[in-house]
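S.K.: This is the structure I want to talk about, given as structure tokens.
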Amino acid sequence: MTTTTGGTPPRLRLPFDLAGLDASPLRTERLVLRPIRPQDADDIHAYQRLPEVVVHLPWPLRDREAGGEHTELRAKQRTLTADGEAVALAVVLPGEPGLGGRGDERVIGDLTLILTSAAHAQVAVGWVLHPDFQGRGYAREAATALLDLATGLGAHRIAATVDAANEPSLALCARLGMRREATFRQDRHGDTGWRDTVIYALTREEWLAGRSAPAR
């Protein structure tokens, strides 16, 4: 076991507010990451209603009305100030028509950033992507930007909680350089019975070292 002693405790730059990302969203090579909006409800419900997606998430299946209410609630969660608070970003694919006749951009997934311990500069991250857009590298592109955002806020440790049967997310965590730290056996019960949960994590130093390493 490795421990460190002394030094200045890590500090997160709090409060964190999504207002800045309204005017200047995060941009990757192919994606735009911005705060979720109530009008994203049709796009989000397109994957929120799929059993093969929801089985891996702490969400129930929702009809369109309930999905819209959930999206509106998440859109109102815009600041991180205290442990347990979360903010969400829409993963937008420009040039892809949105559902419900909404222009030429579509929300194909979303990202979550959760403040788990302000005192110890720890956060958790999560992601979900519509199955129609998986297998193209979008999830890794978006998750990389999310980890950059987390470390930019001063996060010392970043964790991800993944359903043990969610092979794409398990593989993504590994590709991001996160280590598999724990498996909780049958820690939650869903429509398909008991399910296992896997914890992945990495430190700020590990992430920054990986980002500066030569591409393979």
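The number in my numbering is simply the position in the sequence shown, starting from 1, with 5 added.
Just so it is clear, CB atoms sit at the ideal spot from N, CA and C, and this is done for glycine as well.
Quick one: what does DSSP say residue 110 is sitting in, helix, strand or coil?
M.R.: Correct three-state label for residue 110: strand.
S.K.: Specify the secondary structure class of residue 48 as computed by DSSP and reduced to three states.
M.R.: Looking at residue 48 - three-state DSSP - the assignment turns out to be helix.
S.K.: Taking 8 Å as the threshold, find out whether the segment 93-101 comes into contact with the segment 31-46 through three or more Cβ pairs.
M.R.: In short, these stretches touch, since the Cβ pair count reaches three.
S.K.: Assuming residue 79 is part of the alpha helix (DSSP H), what are its boundary residues?
M.R.: Looking at the DSSP string, the run of the alpha helix (DSSP H) that includes residue 79 is 69-81.
S.K.: State the Cα-Cα distance for the pair residue 166 and residue 205, rounded to the nearest angstrom.
M.R.: Going by the C-alpha atoms only, they are around 7 Å apart.
S.K.: When you compare only the Cα positions, how much space is there between residue 56 and residue 87?
M.R.: Between residue 56 and residue 87, the C-alpha separation is close to 32 Å.
S.K.: For residue 149, which of 44, 39, 178 and 46 has the nearest alpha-carbon?
M.R.: Comparing Cα-Cα distances from residue 149 to each of 44, 39, 178 and 46, the minimum goes to 178.
S.K.: Residue 21 and residue 76 look like a contact to me (Cβ under 8 Å); what is the Cβ gap, rounded to whole Å?
M.R.: That belief does not hold up - the Cβ atoms of residue 21 and residue 76 are roughly 21 Å apart, past 8 Å.
S.K.: From residue 217 to residue 70, what distance separates their C-alpha atoms?
M.R.: The straight-line gap from Cα to Cα measures roughly 45 Å.
S.K.: What residues are listed by DSSP as bridge partners for residue 40?
M.R.: In DSSP, residue 40 forms a bridge with 94.
S.K.: Hey, out of 101, 128 and 67, whose CA is closest to residue 54's CA?
M.R.: Nearest C-alpha to residue 54: 67.
S.K.: Skipping 5 residues on each side, what residues in its chain have a beta carbon closer than 8 Å to that of residue 145?
M.R.: Correct list, in chain order: 177, 180 and 181.
S.K.: Do the segment 97-108 and the segment 35-47 make contact, defined as three or more Cβ pairs closer than 8 Å?
M.R.: Yes: the two stretches touch, three or more of their Cβ pairs being nearer than 8 Å.
S.K.: Measure the alpha-carbon distance for residue 78 versus residue 190 and round it to whole angstroms.
M.R.: About 31 Å.
S.K.: So, with DSSP's three-state summary, where would you put residue 221?
M.R.: Any reading at residue 221 must be qualified, since the residue scores a pLDDT of 49, below 50, and its modelled position is unreliable; the value itself is stated next. Three-state result, residue 221: coil.
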